[in-house]
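Report on one structure; see the data block that follows.
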Amino acid sequence: MTDLTFWTSPRSRGAIVRWMLEEVGAPYTTIMLDYGAPMKTPEYLAINPMGKVPAIRHLGQVVTECAAICAYLADAFPLAGLAPPAPDRAAYYRWLFFGAGPVEAAATNAALGVVVPEDRRSMVGYGDARSVIAAVEQRLDASAYLAGDSFSAADVYTGSQIGWGLKFGTVPDRPIFRDYWARLSARPAHARATELDAALSGGAA
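In the UniProt record's numbering, the protein residues as written are 1 to 205.
Shown next, in the form of structure tokens:
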């Protein structure tokens, strides 16, 4: 057992954390949980009371929620260079948590067919999906990566949302998003993570 443990399940948001772990490059132990009862055992609920994956435990500290895990790992393993220096983190934090807030909410509603009435958009944190997509598109038109010129944990998290959105139709199929995702998915750590998750699920990714 290593000092870093990762709970996940195939075809889950655990894929984001798997990618982040492979970018970090530190040894870790994977514990695979099936959906349903295995995630609701007292032992796992002591790790995550929500009874969902992913989760990590590092040096005795438990972290859940994908964006939080990505931010934590970037700080815990600074030599991986996945977060800008502290004085230069404005864009990094902005787009990491833009992914966790507006992008996640808009994509979930789109997948579920939830349409926010126009006169209620001010009550919804993301406003409307078109505005969310426009904001990300504007950012990627200005810089190669979300935090600037260098890849970061913000690209692991929010970039994963873009990749899934292209695959499942919640992000419009535009060249700027296709090119961005091509840059990210070509990273060796992403390829390793995809292979590992495919092996867990017993099939191709």
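In this text, a Cβ means the ideal position worked out from N, Cα and C, and glycines have one as well.
### Task
Determine the DSSP secondary structure at Met50, reduced to helix, strand or coil.
Within the sequence shown, numbered from 1, the residue matching residue 50 stands at position 50. Note: Met50 maps to coil in three-state DSSP.
### Message
Trp95 and Thr158 - do their beta-carbons sit closer together than 7 Å?
### Response
For the purposes of this step, residue 158 is taken as the residue at position 158 of the sequence shown. For the purposes of this step, residue 95 is taken as the residue at position 95 of the sequence shown. Going by C-beta atoms, Thr158 is nearer than 7 Å to Trp95.
### Task
State the Cα-Cα distance for the pair Arg89 and Val17, rounded to the nearest angstrom.
As a working note, residue 89 is residue 89 in the sequence shown. As a working note, residue 17 is residue 17 in the sequence shown. Taking the straight line joining both Cα atoms gives about 21 Å.
### Distance, Gly165 Cα to Ala205 Cα
Within the sequence shown, numbered from 1, the residue matching residue 205 stands at position 205. Within the sequence shown, numbered from 1, the residue matching residue 165 stands at position 165. Legend: pLDDT at Ala205 = 46, less than 50; position of this residue unreliable, value from coordinates given subsequently. In a straight line, the C-alpha of Ala205 is about 16 Å away from that of Gly165.
### Query
Can the beta-carbon of Ala129 be found less than 7 Å from the beta-carbon of Ala106?
Counted from its first residue, the sequence shown places residue 129 at position 129. Counted from its first residue, the sequence shown places residue 106 at position 106. The answer is yes: Cβ separation under 7 Å.
### Task
Give the C-beta separation of Lys40 and Gly25 to the nearest angstrom, bearing in mind that I take them to be a contact with Cβ-Cβ under 8 Å.
For the purposes of this step, residue 40 is taken as residue 40 along the sequence shown, with counting starting at 1. For the purposes of this step, residue 25 is taken as residue 25 along the sequence shown, with counting starting at 1. Not a contact, Cβ separation roughly 33 Å.
### Between the CA atoms of Asp119 and Asp155 - distance to the nearest angstrom
By one-based count along the sequence shown, residue 155 stands at place 155. By one-based count along the sequence shown, residue 119 stands at place 119. If you take the alpha carbons of Asp155 and Asp119, they lie about 33 Å apart.
### Query
On the three-pair Cβ rule with 8 Å, is the stretch 145–154 touching the stretch 72–84?
Yes, they touch.
### Message
Looking at the secondary structure, which residues open and close the beta strand (DSSP E) in which Val63 lies?
### Response
Numbered from its first residue, the sequence shown carries residue 63 at position 63. Looking at the DSSP string, the run of the beta strand (DSSP E) that includes Val63 is Gln61 to Thr64.
#### Entry: Close-in-space but distant-in-sequence residues of the same chain around residue 294 (CB under 6 Å, 5 per side omitted)
This structure cannot speak to residue 294, because the chain is shown only from 1 to 205.
### Query
So Ala6 is in the beta strand (DSSP E); what residue range does that whole segment cover?
Working through the sequence shown from its first residue, we reach residue 6 at position 6. Before going on, a small fix: residue 6 reads as Phe here, not Ala. For Phe6, the enclosing beta strand (DSSP E) has its first and last residue at Leu4 to Thr8.
### Query
Which residues mark the beginning and the end of the alpha helix (DSSP H) in which Arg178 is found?
Working through the sequence shown from its first residue, we reach residue 178 at position 178. Taken as a continuous stretch (DSSP letters only), the alpha helix (DSSP H) holding Arg178 covers Pro175 to Ser185.
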